[in-house]
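Down below is the structure, laid out as structure tokens.
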Amino acid sequence: MSIWSAHEGQPRRIGAQEIAAENYLKAIYTHTEWQPAPITPSALASRLGVAPSSVTEMVKKLAAAGLVTHVPYGPLTLTTLGRTRAADVVRRHRLVETWLVREMGYAWDEVHDEAEVLEHSISERLLDAIDARLGRPQQDPHGDPIPDSDGRAPVFDAVPLEDAAVGHVGAVVRISDRDGALLRALSASGIVPGAVVVVGDGPSLALAPLGAGAGAGAASGGAGGARAGGAGATGGVPGSESGGARGVGGAGGVPGSGGTAGAVTIEATETVWIARSR
Numbered sequence: 001m002s003i004w005s006a007h008e009g010q011p012r013r014i015g016a017q018e019i020a021a022e023n024y025l026k027a028i029y030t031h032t033e034w035q036p037a038p039i040t041p042s043a044l045a046s047r048l049g050v051a052p053s054s055v056t057e058m059v060k061k062l063a064a065a066g067l068v069t070h071v072p073y074g075p076l077t078l079t080t081l082g083r084t085r086a087a088d089v090v091r092r093h094r095l096v097e098t099w100l101v102r103e104m105g106y107a108w109d110e111v112h113d114e115a116e117v118l119e120h121s122i123s124e125r126l127l128d129a130i131d132a133r134l135g136r137p138q139q140d141p142h143g144d145p146i147p148d149s150d151g152r153a154p155v156f157d158a159v160p161l162e163d164a165a166v167g168h169v170g171a172v173v174r175i176s177d178r179d180g181a182l183l184r185a186l187s188a189s190g191i192v193p194g195a196v197v198v199v200g201d202g203p204s205l206a207l208a209p210l211g212a213g214a215g216a217g218a219a220s221g222g223a224g225g226a227r228a229g230g231a232g233a234t235g236g237v238p239g240s241e242s243g244g245a246r247g248v249g250g251a252g253g254v255p256g257s258g259g260t261a262g263a264v265t266i267e268a269t270e271t272v273w274i275a276r277s278r
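Right under this line is the structure:
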């Protein structure tokens, strides 16, 4: 299986097997971006919506190409080469999403499916032009880090909402994009990457009162990111992955013993990540 043939300045023309391989590598890569546990073949099958037998077959091909390592009944890990290839696909996907939001007028809940297609065909020349046009963004509209052309991605010191203490104030770093309706509700409430929020009981989440985020960072890059800036400044205005109930409050609401005014309920964990430090 030949993957990533040279396409200097031209659209990438790759076959169905190579597209599938890129999707597998991307899924393995993104699984460990926000938590440390490696992915298992069964979890990968569930994530991609394919049969376990399909995963077994593809893993064999990826291992033979030196892209993944796998021991029977164990998790999957990317090799150095595999991680480089995966980061390239992730970079394509997230730059396309950012471009669609910033330049093409898409909403942040509309870009994922478009990027799923374009990530496999966009030329390096166009990708580099988009990157330069956007000012080398660090994060996509959902707050996920965008690897640079060398495969390096910024790291942000953030925790999922369910692990944050009541009363914690911090910038929103990342919001999963799997639920379009939730993205629209959060955006309408002002809960977007870069917004400074306060965690309440209930559980709930609300925009912090004006001035409460003076130390939280103007955007998620203030949360200990490897590069300056943040989602609010680099990914554009909103719109990646995850699965308890957690509330997200509307603009201006403050937490209290009765919950958060204008709360938007989140029926999933690992959906909103908040900067660990103020």
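Under the UniProt record's numbering, think of the first position of the sequence shown as 1, with each following residue one higher.
Note that beta-carbon positions come from the ideal geometry of N, C-alpha and C, so glycine has one too.
- In this structure, DSSP gives A275 an extended state, which the three-state scheme calls strand.
- Per DSSP, reduced to three states, the secondary structure at V71 is coil, with no helix or strand assignment.
- Residues V89, H120 of the same chain have their beta carbon placed closer than 7 Å to that of E22, with the five preceding and five following residues left out of the count.
- When only Cα atoms are considered, R125 and D150 end up about 15 Å apart.
- In this structure, DSSP gives I19 a helical state, which the three-state scheme calls helix.
- Of the other Cβ atoms in all chains shown, 16 or more fall within 10 Å of the Cβ of L207; this residue is therefore buried.
- The alpha carbon of R47 has as its nearest neighbour, out of K60, T32, L100, the alpha carbon of T32.
- The segment 124-173 is shown to contain whole alpha helix (DSSP H) runs of 4 or more residues at 124-133, in chain order.
- Less than 8 Å divides the Cβ of V55 from the Cβ of A45.
- Membership of V90 in the alpha helix (DSSP H) is indicated by the continuous run 80-102.
- Cβ neighbours of L118 within its own chain (closer than 6 Å, five residues either side excluded): V96.
- In this structure, DSSP gives A185 a helical state, which the three-state scheme calls helix.
- Rounded to the nearest angstrom, the Cβ distance from P160 to T269 is 7 Å, consistent with a contact under 8 Å.
- Here Y73 is exposed, its C-beta having fewer than 16 other C-beta atoms within 10 Å.
- Contact between L67 and L25 holds, with the beta-carbon distance rounding to 6 Å and staying under 8 Å.
- As far as DSSP is concerned, I14 takes part in no beta bridge.
- Spatial neighbours of A195 in its own chain (CB-CB distance under 8 Å, excluding positions within 5 residues in sequence) are listed in chain order as A171, V172, L207, G232.
- With contacts defined by Cβ atoms closer than 8 Å, W108 and I130 do not form a contacting pair.
- In the structure shown, A27 adopts helical secondary structure according to DSSP, grouped into three states.
- V59 sits in a helix when the DSSP states are folded into three classes.
- Judged by DSSP secondary structure, V117 falls within the alpha helix (DSSP H) whose first and last residues are 112-118.
- Here DSSP, grouped into helix, strand and coil, assigns G200 to strand.
- The bridge partners DSSP lists for I175 are V272.
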